[in-house]
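A.B. asks: With full-length UniProt numbering applied, the sequence shown has no gaps in its numbers, which climb one by one up to 532 at the end. Backbone N, C-alpha and C fix where the C-beta goes; we use that ideal spot for every residue, glycine too.
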Amino acid sequence: MKKMELRIHGSGLRSNEDGTMTVSGYVNKTEQLSEILGVTKRFKEKISRGAFSQAIQNAKKDIHFLAEHNPKLILASTRNGSLQLREDKQGLFMTATISPTTWGKDYYQLISDGILQNMSFGFRTVKDSWRSLDSGLYERTIDQLELFEVSVVRDPAYSQSTIASRSIEIIKEPEIPEVEEKEEVREAERDLTVEIYKQKRLVEQLRDMRKVGVDVKESLIKRETQKLKELQEEQRMIKVKKEIEERNLNMTDNTSVQGKAVAPTIVDKLESVSNAYARANKIPLQGEELKIPYETSLEDATWIPEGGSVNEINLNLGGFAVMSKKRLGLGMSLTNKLMQASGVDLTQYVQDLLIERIGRALEKSILSGSTMDEFKGIAPDTNVTSSTITLANPTSDQLRRIYLNVHEDVLGSSEWYMSRPFFEKVAALKDSDGNYYVTDDSDNDDPLNRPKLWGYPINISSALADGTVSGQVPILFGSIADCYTIGINKDLEIKPVNGAAQALGGYTSFVGEFFGDGCVTNYQAIAKGVVA
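#1: Starting from Thr-347, follow the beta strand (DSSP E) in both directions and report where the run begins and ends.
#2: If you compare alpha carbons, which of Tyr-349, Ile-389, Asp-431 is closest to Gly-529?
#3: Which term fits Gln-57, buried or exposed, when burial requires 16 or more other beta carbons within 10 angstroms of its beta carbon?
#4: Identify, in the order they occur along the chain, each residue of the same chain with its Cβ nearer than 6 Å to the Cβ of Ala-321, setting aside the five sequence neighbours on each side.
#5: Quick one: Cα of Ala-51 to Cα of Leu-334, how far?
#6: What are the boundary residues of the alpha helix (DSSP H) that Gln-109 is part of?
#7: Run the CB neighbour count on Asp-106, radius 10 Å, all protein chains shown included, and call it buried at 16 or more, exposed below.
#8: To the nearest angstrom, how far is the alpha carbon of Ala-379 from that of Gly-471?
#9: Can you tell me where the beta strand (DSSP E) with Ala-96 in it begins and where it stops?
#10: Do the CB positions of Ser-479 and Ala-525 come within less than 9 Å of each other?
#11: Would you mind reading off the limits of the beta strand (DSSP E) that contains Arg-400?
#12: Return the CA-CA distance between Met-323 and Gln-286, expressed in angstroms with no decimal places.
#13: With DSSP run on the structure shown, which of helix, strand or coil describes Ile-8?
#14: Excluding the 5 residues flanking Ile-402 on each side, which residues of the same chain have their C-beta closer than 6 Å to its C-beta?
#15: From this set, Gln-232, Ser-99, Met-209, Asp-491, which residue's C-alpha is nearest Leu-192's C-alpha?
#16: So Ala-481 packs on Asn-275, CB below 8 Å; how close in whole Å?
#17: Kindly identify the DSSP beta-bridge partner or partners of Pro-457.
#18: Using DSSP with H/G/I as helix, E/B as strand and the rest coil, what is Ile-378?
#19: Terminal residues of the continuous beta strand (DSSP E) containing Ile-486?
#20: Alpha carbon to alpha carbon, how far is Ile-475 from Ser-414?
#21: Decide if Leu-137 is buried, meaning its Cβ has at least 16 other Cβ atoms within 10 Å, or exposed.
#22: Identify, in the order they occur along the chain, each residue of the same chain with its Cβ nearer than 8 Å to the Cβ of Ala-96, setting aside the five sequence neighbours on each side.
#23: Determine the DSSP secondary structure at Ala-51, reduced to helix, strand or coil.
#24: I think Leu-338 touches Val-531, with their Cβ atoms under 8 Å apart; what is that distance to the nearest whole Å?
#25: Going by the CB atoms, is the gap between Ile-458 and Ile-366 shorter than 9 Å?
#26: Using the Cα positions of Gly-259 and Asp-491, report the straight-line distance between them to the nearest angstrom.
#27: Looking at chain B, is there any beta carbon in it that lies within less than 9 Å of the beta carbon of Gln-54?
#28: Do you know offhand how far Ile-196's Cα is from Gln-205's?
#29: Among Ser-112, Asn-28, Gln-32, whose alpha-carbon lies nearest the alpha-carbon of Thr-20?
#30: Figure out for me which residue from Gly-38, Gly-122, Tyr-108 has the closest Cα to the Cα of Pro-71.
#31: Quick one: measure Cβ to Cβ for Leu-328 and Ala-278, integer angstroms, because I've assumed they're closer than 8 Å.
#32: Hey, could you find the ends of the beta strand (DSSP E) Val-27 is sitting in?
#33: Per DSSP, which residues does Thr-141 bridge with? Please list them.
#34: How is the beta strand (DSSP E) around Val-531 delimited, first residue to last?
#35: If we ignore side chains and look at the alpha-carbon of each, how far apart do Phe-515 and Ser-419 end up?
#36: Under a three-way DSSP split, which group does Arg-124 fall into?
Laid out in structure tokens, this is it:
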């Protein structure tokens with residue numbers, strides 16, 4: 001049974017008086033504590049800023065605006081753009097142009113008359129945190145969620161009964177984890193953060209002293225720097241462990257069947273292996289082929305003089321990115337004797353190994369795929385804007401030209417992708433003052449602590465060419481999320497194969513398969529450097 005949490009918000013939903021049957025209002029205010037919820041365990045709740053934006057961006061299905069949470073009474077939908085959802089500084093704001101159906105007209109009139117004003121939304125918590133307050137009261141912060149639907153409601157109790165009839169379980173009492181244990185972990189994390197700060201200051205002071213002529217031994221600086229790296233690694237491992245625990249805690253909608261790896265777990269691991277795959281836009285690929293018109297320009301709206309005509313956005317509908325179902329797979333076999341004698345669970349090891357190898361293949365296909373059986377890679381795509389880089393050593397001007405080829409609207413989510421040999425050349429570049437262009441800023445918000453070039457993270461990938469031969473593409477810059485689309489026909493699945501051949505041979509086989517395709521769908525969001 002699908003599980004969903006429900007929240008009611010007295011939003012003051014209002015209608016427009018322009019005859020378009022448009023209504024708007026806030027579905028929920030972020031960073032604001034709710035009234036006391038729960039019965040057996042009382043808590044207040046708030047939704048973090050950015051949680052709704054992420055939910056809208058990652059939505060796997062269309063989000064509908066319903067009447068009383070009734071799926072038969074659709075008023076508007078993101079499917080055709082009649083429902084617009086966005087998160088601003090206050091919270092989740094909704095604008096809906098209600099379809100002029102019989103019930104649509106009725107509910108629009110009720111909203112216009114002020115009879116219906118309450119907004120409700122159904123969601124599933126993906127990531128949250130709890131802390132204990134006074135008198136047995138808790139505070140819950142929802143950092144990530146999956147948004148299912150929004151609705152205008154009259155009676156919350158009636159809405160809950162309507163939802164229950166759809167085989168959806170309403171979670172009224174979310175499980176509160178061991179808050180005391182989490183408080184101890186947070187305290188340890190705070191202590192570690194302070195220790196890292198002190199150690200970093202010490203290293204900086206030693207380096208500054210040496211610059212001004214004080215006799216500070218290099219061995220001392222190296223020793224203290226190593227201590228700093230060990231503390232930072234400990235902090236990183238704590239964060240990774242916490243993310244894994246929270247992910248496992250929230251996987252309530254998924255099951256494991258006869259050794260088959262659970263799909264969301266595989267997706268999470270796959271995205272941790274490949275940054276490019278994790279960031280790419282993903283859509284369902286149904287049937288054998290899908291055509292997507294790609295963008296070649298990003299026109300803005302213009303002010304129109306009286307009697308003038310509205311300009312149309314050019315999506316270059318004459319050019320289509322064509323996706324067709326492709327198969328990516330890998331297998332591995334182990335003898336039953338080895339599996340029994342190993343003393344450890346080799347099944348999980350094999351699954352993780354297959355996910356890692358398939359993830360690498362996906363990244364290579366996204367960045368540099370060039371054959372008919374692969375994704376259409378970014379590097380070989382002749383429509384991707386290119387700049388020339390010298391064979392011997394790149395220059396800062398050449399790198400800046402690549403940077404300038406990406407549209408400013410997507411710079412906020414842009415990153416560098418380089419091969420290891422080319423990164424080593426870039427990392428050696430210095431400005432006129434002798435400072436390296438590539439920085440290793442451990443104070444940034446990047447949990448991977450990746451190096452940066454002009455403030456943008458650098459991903460080092462073996463999928464790109466070394467850059468030692470003319471015509472190779474060793475560097476990319478842009479937003480994978482905005483430029484690349486993956487059509488998924490069937491998500492990656494790892495499963496054991498126990499057929500007659502395996503039984504007779506005394507071994508067990510594991511097979512991982514992925515069906516889909518990928519290609520660039522926005523050439524304004526990506527650029528490449530080509531060796532001259």
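C.D. replies: If we stick to the structure as given:
#1: Taken as a continuous stretch (DSSP letters only), Thr-347 belongs to no beta strand (DSSP E), being part of the alpha helix (DSSP H) at 346-368.
#2: For the set Tyr-349, Ile-389, Asp-431, the Cα lying nearest the Cα of Gly-529 is the one of Ile-389.
#3: Exposure of Gln-57 is indicated by the presence of fewer than 16 other C-beta atoms within 10 angstroms of its C-beta.
#4: Hits under 6 Å: Ile-292, Tyr-294, Cys-519, Thr-521.
#5: Between Ala-51 and Leu-334, the C-alpha separation is close to 43 Å.
#6: In the DSSP annotation of this structure, the continuous segment of the alpha helix (DSSP H) that includes Gln-109 starts and ends at 102-112.
#7: Asp-106 is exposed by the Cβ-count criterion.
#8: Ala-379 and Gly-471: Cα-Cα distance of roughly 10 Å.
#9: Per DSSP, the unbroken beta strand (DSSP E) holding Ala-96 starts and ends at 91-97.
#10: Contact: yes.
#11: First-last for Arg-400: 396-404, but that is the alpha helix (DSSP H), not the beta strand (DSSP E).
#12: Approximately 10 Å between the Cα atoms of the pair.
#13: DSSP, read as helix, strand or coil, puts Ile-8 in strand.
#14: Its chain contains Ser-387, Phe-477, Ala-527, Gly-529 as the residues whose beta carbon lies nearer than 6 Å to that of Ile-402, once the 5 sequence neighbours on both sides are disregarded; these appear in chain order.
#15: Looking at the Cα atoms, Gln-232 is the closest of the given residues.
#16: At roughly 11 Å, the Cβ-Cβ gap does not stay under 8 Å, so Ala-481 and Asn-275 are not in contact.
#17: Answer is Lys-452.
#18: Coil.
#19: For Ile-486, the uninterrupted beta strand (DSSP E) run begins and ends at 484-497, by DSSP.
#20: Their Cα atoms are separated by approximately 13 Å.
#21: The residue in question, Leu-137, is exposed, as its Cβ has fewer than 16 Cβ neighbours within 10 Å.
#22: These residues qualify, in order along the chain: Thr-22, Val-23, Ser-24, Phe-65, Leu-75, Ala-76, Ser-82, Leu-83, Gln-84.
#23: Three-state result, Ala-51: helix.
#24: Rounded to whole angstroms, the Cβ separation of Leu-338 and Val-531 is 46 Å, and the two are not in contact under 8 Å.
#25: Going by C-beta atoms, Ile-366 is not nearer than 9 Å to Ile-458.
#26: Residue confidence for Gly-259 is low, a pLDDT of 40 falling below 50, so the modelled location carries little weight and cannot support an answer.
#27: Among the chains of the structure shown, chain B does not appear; only one protein chain is present.
#28: Approximately 14 Å between the Cα atoms of the pair.
#29: Nearest of Ser-112, Asn-28, Gln-32 to Thr-20, Cα basis: Ser-112.
#30: Comparing Cα positions, the closest option is Gly-122.
#31: About 16 Å separates the Cβ atoms of Leu-328 and Ala-278, ruling out a contact at the 8 Å cut-off.
#32: Note, Val-27: beta strand (DSSP E), 22-29.
#33: Beta-bridge pairing links Thr-141 to Lys-46, Ser-129.
#34: 526-531 is the extent of the beta strand (DSSP E) around Val-531.
#35: Straight-line spacing of the CA atoms in Phe-515 and Ser-419 works out to 27 Å.
#36: Three-state result, Arg-124: strand.
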